[in-house]
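Residue numbers (this note's numbering): 37 to 336.
Every residue, glycine too, gets a C-beta built ideally from N, C-alpha and C.
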Ligand SMILES: Nc1nc2c(ncn2[C@@H]2O[C@H](COP(=O)(O)OP(=O)(O)OP(=O)(O)O)[C@@H](O)[C@H]2O)c(=O)[nH]1
Ligand SMILES: [Mg+2]
Ligand SMILES: [Zn+2]
């Protein structure tokens, strides 16, 4: 961070709404606007950002500096995550594994430790889902947020630090957060019977203190994820974003193997042997095809 001005305070952005940022500082929460370069589009301030604030009158201020970011996501827009908790319902809405796998890949690419929570275990069996992701090495929980079953295990996923809950609209993110922290009283929404999906009840990202020095973020749900929009990586790097491929990398017959159709591919053999789950490999192939359409100059 640049040198501080007089009276400057350090803070954490808890919420961003309508051009204002709610910032937690040693002098309480301040309602802030961005100043200078932070007002322009090119430096988007995110929930989770550590910032420098110049307080003005009672309860207000300007954001004048941005601290270094450990990592960040554009969707949901949040920075400095220690954990990304992917919330996936066993039913209503039905799990969309291609979307889940895009999110685990994005988290891996951005060095954010991911975990999975399968909700609505009262509506459908979650054992097969849990097994797929446990085998990939992710911490996995299965919950019924209505009865509290499995909730204590979810707590273990985020001791301290910043954790964000993300997933489809209607997956039960806000319900789960209410079960974890009954004081939160977050709004939750019914599932649309006609469309079989959530109603986008949560509208913005917000950090809540967990009481253990950490924060959790509720985020708005989405219906689909455009991978390329967020992650313009070379297709050849995608293999690193599927942890369960790890033991087989470097063991294929051809160097530069894309693990899709090649003869002597160790990854494909592991899929055939049932070691790597089929759905994960299908997602890998689909994302690979998407990444292949990126022009070289667009790559990050
Ligand atoms: N049967 C059952 N229903 C659940 C469970 N968890 C959540 N629900 C219901 O699912 C619906 C959607 O829950 P929300 O918590 O609003 O979902 P959300 O992920 O926050 O949705 P958005 O804010 O739109 O992204 C509500 O009617 C909840 O009561 C569960 O474990 N079992
Ligand atoms: Mg919600
Ligand atoms: Zn291969």
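According to the neighbour-count rule (16 or more other Cβ atoms, all chains shown, within 10 Å of its Cβ), is residue i buried or exposed?
i	result
residue 88	buried
residue 42	exposed
residue 270	exposed
residue 85	buried
residue 56	exposed
residue 101	buried
residue 331	exposed
residue 79	exposed
residue 38	Low local confidence applies: a pLDDT of 49 at residue 38 is under 50, so the model's placement there is unreliable, with the coordinate-based value given in what follows. Flag for residue 38 reads exposed.
residue 335	exposed
residue 314	exposed
residue 290	exposed
residue 232	exposed
residue 325	exposed
residue 275	buried
residue 63	exposed
residue 198	buried
residue 228	exposed
residue 297	exposed
residue 272	exposed
residue 75	exposed
residue 60	buried
residue 309	exposed
residue 186	buried
residue 282	exposed
residue 47	buried
residue 219	exposed
residue 329	exposed
residue 234	buried
One question on the structure: do residue i and residue j come within less than 9 Å of each other, judged by their Cβ atoms?
i	j	result
residue 120	residue 202	yes
residue 66	residue 53	no
residue 97	residue 45	yes
residue 126	residue 162	yes
residue 280	residue 311	yes
residue 143	residue 122	yes
residue 224	residue 155	no
residue 112	residue 255	yes
residue 257	residue 181	no
residue 49	residue 83	yes
residue 114	residue 153	no
residue 71	residue 99	yes
residue 316	residue 167	no
residue 151	residue 175	yes
residue 303	residue 327	no
Tell me, to the nearest whole angstrom, how far the beta carbon of residue i is from that of residue j; I am working on the premise that it is less than 8 Å.
i	j	result
residue 301	residue 288	5 Å
residue 129	residue 207	7 Å
residue 250	residue 194	6 Å
residue 242	residue 253	6 Å
residue 200	residue 117	6 Å
residue 238	residue 209	7 Å
residue 319	residue 134	5 Å
residue 51	residue 295	42 Å between Cβ atoms; not a contact.
residue 157	residue 124	Actually they do not touch by this definition, with Cβ atoms about 11 Å apart.
- Query: Which residues have a Cβ closer than 5 Å to any heavy atom of ligand 3, listed in chain order?
  - Reply: 288, 293, 295, 301, 303
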